[in-house]
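A.B. asks: Read in order, the letters of the sequence shown correspond to residues 99 to 937 in my numbering.
First the structure, then my questions, so here it is.
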Amino acid sequence: MFEDGACQQINQLNKTGWRTTQQADDWVYYPQQYGIYAQTLFNISMTPATVSVALVGGCCAPNRYKPSGFLYQDDGSSYSLTGHKIVAIADRPLVQNLTVTGWYMKKFVDDHAMNLTLIPSIRHADKQALFFEITAFDRAMLVNYQFFDYQNKHIGNYSSGVLRNIKTIPDITLPRYTRSISKVVELYGSRADPICFSYLYAGLYVHSPFATVAKICAQIASVLQYLSLINFVVVPVAFAIMSVLSDFSFPPQPNSILVQNPITQDSHVHCDYARYVKLGGAWTTCTLFGLRLALDLPSYVITYARSVPFLTINLLAAVPTFIAYSVVLVFFATRYITFQHCTVCCFEFLQVQDIEEEYVKVLMASKHGQEDTTPPQRTSLIGLIWLIVHEKLWQKLDFKRIARSMCTRAFIKKCIRKLFGVHEHIRIPFAIKTSLTLLLYCLGQLIPLLITQMIGVGGVVPVHVCSWTPYLSQFQYHPDPMSFAIKTFMLMQIAVYVATLGAGGLCMVYSLGILRRFTKDILLLRKGDYFLIDLDDSIRFLGVLIGFGFTGTLYFMVEISVIGTLITAIIQLDRVRDVVFRHVGYGVFFASFFIAFIVQMIQKRITNLVFVENRTRFSIQNRAPFLHYWYFMMLTSMTRALTSYILRTLKLLFRYPLFSVRVDRNAETWSVRRGDGGFTAYCGMLLAEHEYNNPIVLVFVESLLDSVDVFTTNRLLGRNVGLKICSQSMAHFQQAYTAYPSPTVVLATPTPVAYSPYTQYPSMQPSYYLTAQPQTMPLPYYHQPGGYIQNNTSCLTQMCLWMLCLGACAFCCNEGCCGPDDCCGAGGGVYNDDCGGCC
Numbered sequence: 099m100f101e102d103g104a105c106q107q108i109n110q111l112n113k114t115g116w117r118t119t120q121q122a123d124d125w126v127y128y129p130q131q132y133g134i135y136a137q138t139l140f141n142i143s144m145t146p147a148t149v150s151v152a153l154v155g156g157c158c159a160p161n162r163y164k165p166s167g168f169l170y171q172d173d174g175s176s177y178s179l180t181g182h183k184i185v186a187i188a189d190r191p192l193v194q195n196l197t198v199t200g201w202y203m204k205k206f207v208d209d210h211a212m213n214l215t216l217i218p219s220i221r222h223a224d225k226q227a228l229f230f231e232i233t234a235f236d237r238a239m240l241v242n243y244q245f246f247d248y249q250n251k252h253i254g255n256y257s258s259g260v261l262r263n264i265k266t267i268p269d270i271t272l273p274r275y276t277r278s279i280s281k282v283v284e285l286y287g288s289r290a291d292p293i294c295f296s297y298l299y300a301g302l303y304v305h306s307p308f309a310t311v312a313k314i315c316a317q318i319a320s321v322l323q324y325l326s327l328i329n330f331v332v333v334p335v336a337f338a339i340m341s342v343l344s345d346f347s348f349p350p351q352p353n354s355i356l357v358q359n360p361i362t363q364d365s366h367v368h369c370d371y372a373r374y375v376k377l378g379g380a381w382t383t384c385t386l387f388g389l390r391l392a393l394d395l396p397s398y399v400i401t402y403a404r405s406v407p408f409l410t411i412n413l414l415a416a417v418p419t420f421i422a423y424s425v426v427l428v429f430f431a432t433r434y435i436t437f438q439h440c441t442v443c444c445f446e447f448l449q450v451q452d453i454e455e456e457y458v459k460v461l462m463a464s465k466h467g468q469e470d471t472t473p474p475q476r477t478s479l480i481g482l483i484w485l486i487v488h489e490k491l492w493q494k495l496d497f498k499r500i501a502r503s504m505c506t507r508a509f510i511k512k513c514i515r516k517l518f519g520v521h522e523h524i525r526i527p528f529a530i531k532t533s534l535t536l537l538l539y540c541l542g543q544l545i546p547l548l549i550t551q552m553i554g555v556g557g558v559v560p561v562h563v564c565s566w567t568p569y570l571s572q573f574q575y576h577p578d579p580m581s582f583a584i585k586t587f588m589l590m591q592i593a594v595y596v597a598t599l600g601a602g603g604l605c606m607v608y609s610l611g612i613l614r615r616f617t618k619d620i621l622l623l624r625k626g627d628y629f630l631i632d633l634d635d636s637i638r639f640l641g642v643l644i645g646f647g648f649t650g651t652l653y654f655m656v657e658i659s660v661i662g663t664l665i666t667a668i669i670q671l672d673r674v675r676d677v678v679f680r681h682v683g684y685g686v687f688f689a690s691f692f693i694a695f696i697v698q699m700i701q702k703r704i705t706n707l708v709f710v711e712n713r714t715r716f717s718i719q720n721r722a723p724f725l726h727y728w729y730f731m732m733l734t735s736m737t738r739a740l741t742s743y744i745l746r747t748l749k750l751l752f753r754y755p756l757f758s759v760r761v762d763r764n765a766e767t768w769s770v771r772r773g774d775g776g777f778t779a780y781c782g783m784l785l786a787e788h789e790y791n792n793p794i795v796l797v798f799v800e801s802l803l804d805s806v807d808v809f810t811t812n813r814l815l816g817r818n819v820g821l822k823i824c825s826q827s828m829a830h831f832q833q834a835y836t837a838y839p840s841p842t843v844v845l846a847t848p849t850p851v852a853y854s855p856y857t858q859y860p861s862m863q864p865s866y867y868l869t870a871q872p873q874t875m876p877l878p879y880y881h882q883p884g885g886y887i888q889n890n891t892s893c894l895t896q897m898c899l900w901m902l903c904l905g906a907c908a909f910c911c912n913e914g915c916c917g918p919d920d921c922c923g924a925g926g927g928v929y930n931d932d933c934g935g936c937c
């Protein structure tokens, strides 16, 4: 906000810049004195010396040689008690006016939340002032402020008081309705040892704790934090109570308290629990969503709103969060309002899909019909270009047909699979999909956050540039602190953008490589190549993928920022750059590296053209001269040994942080692989996926289910099962579940059955129900293969027998022999029209 921050045009910019109130030479510019002067102070106890470094000259301060009055004087008489030396502040101020402009600034000034900050760069005026400070004088200053409203009416004053031996000026909060600050920095300085300003900066910023929006959001966030903590305890307790009153098994089963009362058609015991779950999900989502808004809203309104680009970046980063919260909230709310209870649920999401069947057909088929493929010929890029030009291939191609083929859905899918390295017959596990989605979301939040923290308002880069510019600019041949700071900040902006958008974007793309690696590893496992045999806890996979990716990306971006800082320092610091180039660039290091690099390129071309046979990669020709050539090139390659170790170390600094982002990459050697927690978690997930989601096993189980449960799947477990059939099926299930306490059961003599493949499970034999002639006995009885049993066995046994009976009944009805007068009557069962089979 200051005009002429370097204080080199005093009284030259009329009333817009710095000016003195009395005479033009009250404040003068002290020329730069090159070199750094150090003062050493020894105490009487001969303890180690205290050394301080100070820059001399190149700054503006009160004229020491011109007499003046004093606003404040201290003769140093209280030095033994307070440690204050002699000081006198001259009554010759340096003045400049500031104006509050823009609706953003005015709104927060009227909200009494705007602070004024003054940041000076302080030096010593000359070597004499440095000597005075060592002996008996203090440096001090006084800053006065006068505030005016939009009608230019005086509304208040403020004084900083005497500031002794400090390098910072305390910030102040502007009064409400302030529009101009007149005579700001009425800078009064001491004369003998003046505080000399090389640069002065003034700025207005919003003090968040004083802003109304921040106060309201803080109160809301405080309440929502307690509610979230309560939800963290209440929700598990509620689910524990529901688990006691009901059962989370599938299909849903009634609780032990209600087993004596049959479930009727109008009962909502199961759907109410589902409604409560949806209501709890909507409530917890609203709480977390409101907490996120309350915590982030002050940052968007106060911090990011000052810079439109940063506000845009952070708003774009917040869009995925808003969409995710909204989708979850709408899902729970919709399911709670429009929920329809069902007794028998659909099994379609558990069915094996076509991808497993296609995998079994294609990848596990015999290789008799496959043709042997020859390795492609080794063609260089130059040879390929020559072939295209010589044959004029562009004249022989039908570009319209190629364009139509490229626009098809199949071609786009093929390109996407090729890009990510996935196979159309290999299913990516849900754990990888979820982990990658969360990781990319977290990285999308991290990149704009790091940009804001590094080069945003009050970020790390501008603060340190302003702090170190007075000292680092001395390493230039022609020191100019202001131009040095501006150019350094521009270069650091480039470094930060490369680190965040470049390195962060690279890590996001690189993280997707786990899809290619998983496809490759799972194919090897399914073909019998168990080179990854350590089964670790696969539960940790989701956590380590997100943790490694997020932390590794953060460190990688910080590393790129540090490298960019070093490059900026080499560009800006002339003397340091010359020293580095003199000892490294122009010496043996650069020469050996350059010679070895050129020789290596020539050697590679000669080897491929002269000594490697055509259409091969390792077969040699001209063996006798090749041995002499090998020995000669070995001597020339030794020059690179001077730089190879350093280059390998530098490459390690680049590659290790990048490779550590991916958990499917082993960051350590093979012998200590167990020390890499991320890689072992990946191995656990991989082997668990191969063990429990093997497509061959799934297809085999599906074939068994199709042959046994066709009737049950089609009639009872369909998507659109009528409510009447569902209720009646549930009533039969209730009777089967509660019948075991009945005392009216007698043991029946089992009917012997001849040995056959169905001996162990004779109920699966279609003719069994036509030959078995059971005794007559009271109901309820449960048919068992080979006879009847008493109803005094365990509940688990009764349930197993009940399900076995249903399976046999379904098999009988599917064979076309089930009816009121045939299999059911002959087998002793009772035909039930409502159920649609013999029970």
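In this text, a Cβ means the ideal position worked out from N, Cα and C, and glycines have one as well.
(1) Tell me whether F587 sits in a helix, a strand or coil according to DSSP, three-state version.
(2) By DSSP, does H726 sit in helix, in strand, or in coil?
(3) Per DSSP, what are the beta-bridge partners of H210 in this structure?
(4) Would you list the residues sitting across from W125 in a DSSP beta bridge?
(5) Going along the chain, which unbroken runs of the beta strand (DSSP E) with 3 or more residues stay wholly within the stretch 218-264?
(6) So G662 and A597 are in contact, right, with Cβ under 8 angstroms, and what is the actual spacing, rounded?
(7) On a CA-only basis, which of T617, V185 and C157 is nearest Q130? Give me that one, please.
(8) Going straight from the alpha carbon of G711 to that of I718, what length do you get?
(9) I'd like the span of the alpha helix (DSSP H) that includes S296, first residue to last.
(10) Going by the CB atoms, is the gap between L192 and A300 shorter than 7 angstroms?
(11) Over the uninterrupted beta strand (DSSP E) stretch that includes D172, give me the two end residues.
(12) Just verifying my parser: in three-state terms, what is the DSSP assignment at Q194?
(13) Leaving out the 5 sequence neighbours to the left and right, which residues in its chain are closer than 7 angstroms to K204 when beta-carbon positions are compared?
(14) Could you tell me which residues DSSP puts in a beta bridge with G279?
(15) Count the other CB atoms, across all protein chains shown, that sit within 10 Å of the CB of H964; report buried if there are 16 or more and exposed otherwise.
(16) For the alpha helix (DSSP H) containing A416, list its first residue and its last residue.
(17) Would you tell me roughly how many angstroms separate the C-alpha atoms of L671 and Y575, rounded to the nearest one?
(18) Need the endpoints of the beta strand (DSSP E) that I661 sits in, please.
(19) What does the alpha-carbon distance come out to for the pair A601 and F408?
(20) Kindly indicate which three-state DSSP category L216 falls into: helix, strand or coil?
(21) Using the rule of at least 16 other Cβ atoms within 10 Å of the residue's Cβ for burial, across every protein chain shown, is W566 buried or exposed?
(22) On the DSSP bridge assignment, give the partners of A593 in chain order.
(23) Would a C-beta distance cut-off of 7 angstroms place H210 and F308 closer than the cut-off?
(24) Suppose contacts are defined by Cβ-Cβ distances below 7 angstroms. Is L547 in contact with S609 by that definition?
(25) Bridge partners for R117 per DSSP, in chain order?
(26) The beta strand (DSSP E) spanning A501 covers which residue range?
(27) Going straight from the alpha carbon of E522 to that of I704, what length do you get?
(28) Among all the DSSP beta bridges, which residues are the ones paired with V185?
(29) My output table needs one value for I718: the three-state DSSP class, helix, strand or coil.
(30) Take H593 and list the residues in its own chain whose beta-carbon comes closer than 8 angstroms to its own, dropping the five residues that flank it on each side.
(31) Quick one: what's got a C-beta closer than 6 angstroms to G776's C-beta in the same chain, skipping five residues either side?
(32) Do R373 and Y457 have their C-beta atoms within less than 7 angstroms of each other?
(33) In angstroms, rounded to a whole number, what distance separates the CA positions of F692 and K702?
(34) Among T310, E789 and L784, which one has its Cα closest to the Cα of L613?
(35) Let me confirm a value: M504 is counted as buried when at least 16 other C-beta atoms fall within 10 Å, else exposed. Which label applies?
(36) Would you check if the distance between the CB atom of R289 and the CB atom of A223 is smaller than 7 angstroms?
C.D. replies: With the structure as the only source:
(1) helix
(2) helix
(3) For H210, which the question treats as bridged, DSSP gives no partner whatsoever.
(4) P160
(5) 238-240, 242-246 and 252-257
(6) 6 angstroms
(7) C157
(8) Gly is not the amino acid found at residue 711; the sequence shown has Glu there. Their backbone Cα atoms lie some 6 angstroms apart in a straight line.
(9) Unbroken run through S296 is the beta strand (DSSP E), C294 to V304; no alpha helix (DSSP H).
(10) no
(11) F168 to D172
(12) strand
(13) V198
(14) The amino acid occupying residue 279 in the given sequence is Ile; Gly does not appear at that position. Answer by DSSP bridge pairing, in chain order: L196 and F245.
(15) Outside the shown range of the chain, which is 99 to 937, sits residue 964, and nothing can be said about it.
(16) V406 to I435
(17) 9 angstroms
(18) Unbroken run through I661 is the alpha helix (DSSP H), F639 to Q670; no beta strand (DSSP E).
(19) 19 angstroms
(20) strand
(21) exposed
(22) Beta-bridge pairing links A593 to no other residue.
(23) yes
(24) no
(25) V193
(26) Counting along the chain, A501 falls outside any beta strand (DSSP E), though it belongs to the alpha helix (DSSP H) covering F497 to M504.
(27) 42 angstroms
(28) D172
(29) strand
(30) Note that residue 593 is Ala in the sequence shown here, rather than His. Excluding positions up to five away in sequence, the list reads I658, S659, I661, G662, T663, I665 and T666.
(31) V642, F646 and V761
(32) no
(33) 16 angstroms
(34) L784
(35) exposed
(36) no
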